[in-house]
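Trainee:
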Amino acid sequence: MSQVTVTEHLLLHQQKSPAATGVFTQLLYDLILSAKLISRSVNKAGLLDVLGETGETNVQGEKVQKLDEYANSVLIHRMERSGALCMMASEENADVIVVSDRFERGDYILIFDPLDGSSNIDVNVNVGTIFSIHKRESGKKGDPGLEDILQPGDRQVAAGYFLYGPSTMMVYTTGFGVHGFTLDPSVGEFLLSHPNMTIPERGKIYSVNEGNYPLWDDKTKSAINHFKSFDNWRSSPYSARYVGSLVADFHRTLLYGGIFAYPRNYKKTGQGEGKLRLLCEAAPLAFVAEQAGGKAIDGTRRIMEIVPEQLHERVPLFIGSRGDVDDVAGFLA
Ligand code: P6P
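What follows is the structure, encoded as structure tokens:
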């Protein structure tokens, strides 16, 4: 296969996209550089003093891992200097980060989860960085604010993720298909390895934390039981796979098909609306899923249509093969 880098691919195949401007290319370049720095530290985690927790708790009430903090600081430091952004939001930061006017600013807005699944780092399980890119309505002047970032997923200019696993991959979309790249550490470039990724119409794997079963409502229990029964489209139970790292579970679902679910967990504090965040997890992955021919709902609504009311809003998430998500929608209607 010819060695096509991400930036070449963007220029060659994404001209149609409003994203394919020089400023966007610079944004993507700096995002990729951040991911290379994070990948290097993740891959050496056992050797550097970056394992374990910082002793702090983030806005989500989760213990901050040392690598979380490192990944977050790399992204903020690098991306505020990209010249492409006016504002950022991180899953690790309570408030938005307005790019200081001592840096050159652009109209793009970057939302990210710097190291999703980081509780798995200490046991050497895949983790990832998820990103979502919006563009501020042109012509707006002055400092950006929450109203510029509380946009539905349909308004995303681009979205994707980096997966730090046996190899480091980047998967992204600008609205013209989904494309996967694998980092070749010997040259330090992400090279096109999965052009035009499409998710199978149906799968044979369901992915959910079954330990939360007692916390679900009856409709959710029926929907998940459907995949573990003989009365589904296969007339055979699906296989269960659950890594507990969203990017790893989603990436497998994208490649093999099937469904990933994180339902509402009633009785679990703060998870009445599910655990996953709309802006930095559900919406970017929903963009990728839909561009690959899949679907993503919160149970009744298309994720991409939900207008966030707050920065760290959580949503239930059912995402994956079109047919499997439609089955879930039937049970939850
Ligand atoms: P649970 C990791 O902490 C994360 O945010 C996602 O990566 C993952 O899908 C989910 O939480 C796992 O949550 O409750 O099943 O451990």
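One rule links them: number in this note's numbering = place in the sequence shown (from 1) + 3.
In this text, a Cβ means the ideal position worked out from N, Cα and C, and glycines have one as well.
Quantities reported herein were computed from a predicted structural model and do not represent experimental measurements.
Locate the alpha helix (DSSP H) running through T60, then write down its first and last residues.
Mentor: No alpha helix (DSSP H) contains T60, which is instead part of the beta strand (DSSP E) from E56 to T60.
Trainee: Should Y269 be labelled buried (16 or more other beta-carbon atoms within 10 Å of its own) or exposed?
Mentor: Exposed, by the Cβ-count rule.
Trainee: Run through DSSP, which three-state label would Y333 get?
Mentor: Strictly speaking, residue 333 in this sequence is Gly, with Tyr absent from that position. Looking at G333 - three-state DSSP - the assignment turns out to be helix.
Trainee: Closest by CA to A38, which one among F193, T256 and A226?
Mentor: Among F193, T256 and A226, the Cα nearest to that of A38 belongs to F193.
Trainee: Roughly how many angstroms lie between the CA atoms of E316 and F179, to the nearest whole one?
Mentor: In a straight line, the C-alpha of E316 is about 27 angstroms away from that of F179.
Trainee: Which of the three DSSP states, helix, strand or coil, is assigned to E95?
Mentor: Reduced to three states, the DSSP call for E95 is coil.
Trainee: Can you tell me whether K66 sits near the ligand P6P, meaning its C-beta is under 7 angstroms from at least one heavy atom of the ligand?
Mentor: No; taking the cut-off as 7 angstroms, the Cβ of K66 has no heavy atom of the ligand P6P nearer than that.
Trainee: At a cut-off of 7 angstroms, is G148 close to the ligand P6P when judged by its beta-carbon and the heavy atoms of the ligand?
Mentor: G148 Cβ: outside cutoff for every heavy atom of the ligand P6P.
Trainee: Looking at the secondary structure, which residues open and close the alpha helix (DSSP H) in which Y259 lies?
Mentor: Unbroken alpha helix (DSSP H) run through Y259: L249 to Y259.
Trainee: Bridge partners for Q68 per DSSP, in chain order?
Mentor: Q68 is bridged to E56.
Trainee: Express the C-alpha separation of L257 and R325 in angstroms, rounding to a whole number.
Mentor: Rounded to the nearest angstrom, the two C-alpha atoms are 11 angstroms apart.
Trainee: Could you name the residues that DSSP lists as bridge partners for R280?
Mentor: R280 is bridged to R317.
Trainee: Give a yes or no on whether the C-beta atoms belonging to E95 and N123 are separated by under 8 angstroms.
Mentor: No, these two residues do not count as a Cβ contact at 8 angstroms.
Trainee: Starting from the N-terminal side, write out each stretch of the beta strand (DSSP E) that is 3 residues or longer and does not extend beyond the stretch 131-199.
Mentor: The qualifying runs are 161-167, 171-176, 181-187 and 192-197.
Trainee: Per the DSSP calculation, I262 is bridged to which residue(s)?
Mentor: In the DSSP output, where bridge partners are listed per residue, I262 has Y209 and G323.
Trainee: Three-state secondary structure (DSSP) at I202?
Mentor: Three-state DSSP puts I202 in coil, outside helix and strand.
Trainee: From this set, V318, F184 and W219, which residue's C-alpha is nearest M200's C-alpha?
Mentor: Cα-wise, what sits closest to M200 is F184.
Trainee: Anyone know if the C-beta pair for S93 and P117 falls short of 8 angstroms?
Mentor: Yes, Cβ-Cβ distance for S93 and P117 is below 8 angstroms.
Trainee: Does the Cβ of W219 have 16 or more other Cβ atoms within 10 Å, making it buried, or fewer, making it exposed?
Mentor: Burial call: buried.
Trainee: Whose C-alpha, out of T303, V291, C283 and G333, is nearest the C-alpha of G323?
Mentor: Of the candidates T303, V291, C283 and G333, the one whose C-alpha sits nearest the C-alpha of G323 is V291.
Trainee: Near D98, what residues of its chain come up, given a Cβ to Cβ distance below 7 angstroms and the 5 sequence neighbours on each side ignored?
Mentor: Correct list: empty, nothing qualifies.
Trainee: Please state whether the Cβ-Cβ distance between D327 and I262 is less than 8 angstroms.
Mentor: In contact: D327 and I262 (Cβ atoms closer than 8 angstroms).
Trainee: For the structure I just gave you, are there three or more beta carbon pairs, one from the stretch 85-92 and one from the stretch 100-120, closer than 8 angstroms?
Mentor: Enough Cβ pairs lie closer than 8 angstroms, so yes.
Trainee: Starting from Y32, trace the alpha helix (DSSP H) both ways and give me its first and last residue.
Mentor: Segment G25 to N46, the alpha helix (DSSP H) holding Y32.
Trainee: Between the stretch 298-311 and the stretch 154-166, are three or more C-beta pairs nearer than 8 angstroms?
Mentor: The stretch 298-311, when compared against the stretch 154-166, does touch it at the 8 angstroms Cβ threshold.
Trainee: Tell me which residue opens and which closes the alpha helix (DSSP H) that I227 is part of.
Mentor: Taken as a continuous stretch (DSSP letters only), the alpha helix (DSSP H) holding I227 covers D221 to F230.
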